Amino acid sequence: MLSLKSIGASGVLFLLWLWLFQTTEASVHDYNGEKFVSKGNAFVVHGGSEGIYSSVPNLTESPSYSSNTDSFIRFEKIVFRRPKELSNFSSDPIHAIVFEVDDRELIGGSAYGGQRAICCTADLAKLGVCTQGQIIHRPSASNPGWPKIFSASFSADEVDVALQSRSIPITKTGMYNVYFIHCEPNLKEITVEGKTIWKNPTGYLPGRMAPLMNFYGYMSLAFVLLGIFWFSQYARFWREVIPLQNCITLVITLGMLEMAFWYFDYAEFNETGVRPTGTTVWAVTFGTVKRTVARLVILIVSMGYGVVRPTLGGLTSKVLLLGGTFFLASEVLELVENVGAVSDFSGKARLFFVLPVAFLDAFFILWIFTSLSATVNKLQARRLLAKLDIYRKFTNALAVTVIVSVGWTCYELYFKSTDVYNERWRNAWIIPAFWQVLSFSLLCIICVLWAPSQNSMRYAYSDDGEEFDKDATLTLIKPSPLLPKDVRSQPEVRPTLRNSELSNGDDVEDKTE
């Protein structure tokens with residue numbers, strides 16, 4: 001039964017990968033037959049939301065010249081299409097609206113303080129503030145010429161109508177939104193096709209993502225430096241390496257690959273305007289494998305594997321099941337969140353995928369600290385002082401990490417709940433970046449505690465019943481002539497300490513129990 005479930009879960013993940021590869025071809029905002037949705041008294045298609053920095057002014061260039069430092073939103077091949085059976089009449093205009101989030105109150109209105117409407121109602125028309133059936137909007141006092149509104153209308157017997165292609169220069173930094181809106185109930189079956197291209201001064205990366213490219217570049221360098229330290233120690237003392245250190249080597253390698261793929265993903269996205277789906281999938285997968293392996297390593301170390309117990313016994317299948325479940329849940333979450341992501345606006349559907357990962361993380365934490373407590377108690381009872389010291393440091397590092405994680409999670413919830421319209425988009429990149437820095441910091445602490453050295457074997461498991469015999473050897477000494485002959489013929493047993501224990505006198509383990 002377990003194998004059938006595993007096969008089923010793997011099949012779902014494989015189908016999700018195929019779907020993502022087929023539906024995310026470019027990083028521009030693509031509209032492939034998007035249907036209008038009723039919102040109040042209007043019909044709406046959300047065309048995208050992105051943070052855009054204003055163009056860098058260059059006084060040496062003519063106004064008609066478009067340089068690589070220009071910021072813009074470009075409409076290309078936008079076509080509205082309706083069914084042929086509904087093409088026997090002329091329609092009211094269909095609008096494309098571009099506005100900055102600070103101007104959101106300039107779209108729509110209400111009569112006598114009633115319910116807010118996007119389309120002009122009969123009551124508002126009587127007040128003379130708008131034309132019935134048209135979109136309500138007012139010009140911005142702080143940003144002249146905004147919001148931008150463009151329109152196209154169907155003529156009788158016309159099945160499709162094109163919106164004129166145009167490029168809108170961005171001269172003010174802000175979170176910009178594009179909506180397609182109409183107020184004609186008879187046009188509820190129409191669709192929109194085409195695309196919009198959004199560009200920042202430094203490239204095609206959305207404003208929220210732009211700082212992450214440099215961040216992952218620095219993180220790649222940090223992992224390289226950590227790798228140089230770790231692999232140099234590993235090469236020097238490869239004869240003393242224990243299984244735990246092999247696991248840490250794997251985590252460092254996966255971290256290097258993850259950071260490199262994220263950097264190349266953002267760099268290509270920024271350069272071409274097309275997000276490389278394959279690179280994104282590899283970055284997501286390496287990251288998910290790294291997080292899964294890291295959690296499993298921390299869990300089995302907390303259980304004392306390789307330190308106070310040679311195997312996990314009957315817990316092996318449970319540990320692997322938890323790790324496999326966490327991998328599947330995390331991989332689906334990261335694929336949905338990152339592959340093909342263009343907009344700076346995150347949907348509420350993400351919450352559905354976040355909850356399983358959060359629950360599994362909480363279970364990991366509970367199991368880790370429960371196991372740590374049992375392992376530390378066992379080390380204290382056996383008076384294994386060297387191992388006890390390193391486990392105490394490890395416990396303190398984990399406790400600090402968990403406390404900081406809980407605090408940052410609360411801040412993240414506060415940040416997102418109070419930023420409904422993504423007005424703080426320029427600081428949003430700090431949230432995912434902090435999690436990377438925190439996990440890297442914990443990895444560095446673990447690397448320092450368990451770095452390969454000539455004393456590595458003193459932290460490895462050894463059978464208690466045989467340990468004294470390995471620490472003591474029979475040493476023949478010259479008998480004193482003053483002793484009786486029968487006594488002089490007996491060899492004297494003198495304990496001889498191992499080299500690893502001579503290097504640290506505090507690490508001698510008590511075997512008297």
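Take the sequence shown: its position 384, counting from 1, is numbered 384 in the UniProt record's numbering, and each next residue is one higher.
Yeah, the Cβ is synthetic: ideal placement off N, Cα and C, and Gly gets one too.
Here the structure is a predicted model, which is why all the values come from computation and not from measurement.
Going by the beta-carbon positions, is the gap between residue i and residue j smaller than 8 Å?
i	j	result
Leu244	Gly306	yes
Lys195	Asp70	no
Pro206	Ser55	no
Ser110	Arg104	no
Ile252	Leu221	no
Phe364	Leu299	yes
Trp450	Ile248	yes
Val45	Phe150	no
Leu355	Val293	no
Gly217	Tyr176	no
Gly273	Val28	yes
What would DSSP say about residue i, mapped onto helix, strand or coil?
i	result
Met175	strand
Val308	coil
Val159	coil
Pro144	coil
Ala96	strand
Phe150	strand
Pro169	strand
Ala267	helix
Ile242	coil
Ser417	helix
Phe215	helix
Asn200	strand
Ile368	helix
Gly323	helix
Glu105	helix
Gly314	helix
Ser480	Summary for Ser480: the model assigns pLDDT 47, below 50, so the residue's position carries little reliability; its value from the coordinates is reported in the next sentence. Three-state result, Ser480: coil.
Given residue i, which residues of its chain have a CB within under 7 Å of its CB, disregarding the five upstream and five downstream residues?
i	result
Thr280	Asp265, Asn338 and Val339
Ala399	none
Gly108	Arg116, Ala117, Ile118 and Ile136
Ser302	Ile368, Ser371, Leu372 and Thr375
Arg74	Ser167, Thr196 and Ile197
Val308	Thr375, Lys378, Leu379 and Tyr461
Pull up the DSSP beta-bridge partners for residue i, would you.
i	result
Glu76	Lys195
Phe37	The question names Phe, yet the displayed sequence has Val at residue 37. DSSP, once it has assigned bridges, lists Val44 as partnering Val37.
Asp30	Lys195
Leu119	In the sequence on display, residue 119 carries Cys and not Leu. Paired residues: Ile135.
Arg81	Asp160 and Thr191
Glu50	Tyr176
Spatial neighbours of residue i within its chain, please: CB distance less than 8 Å, with the 5 preceding and 5 following residues excluded, ordered by chain position.
i	result
Glu334	Val284, Gly287 and Thr288
Phe434	Trp408
Thr131	Cys120 and Ala125
Gly174	Gly51, Ile52, Glu100, Val101 and Asp102
Answer yes or no: does any C-beta atom of chain D fall closer than 8 Å to that of residue i?
i	result
Leu320	Absent from the structure is chain D; it holds one protein chain and no more.
Ordered along the chain, which non-local residues of its own chain (more than five positions away) have a Cβ less than 6 Å from that of residue i?
i	result
Ile78	Leu163 and Gly194
Phe80	Ile94, Val161, Ile190 and Val192
Thr395	Leu372
Pro169	Phe72
Ala152	Ile94, Val161 and Leu163
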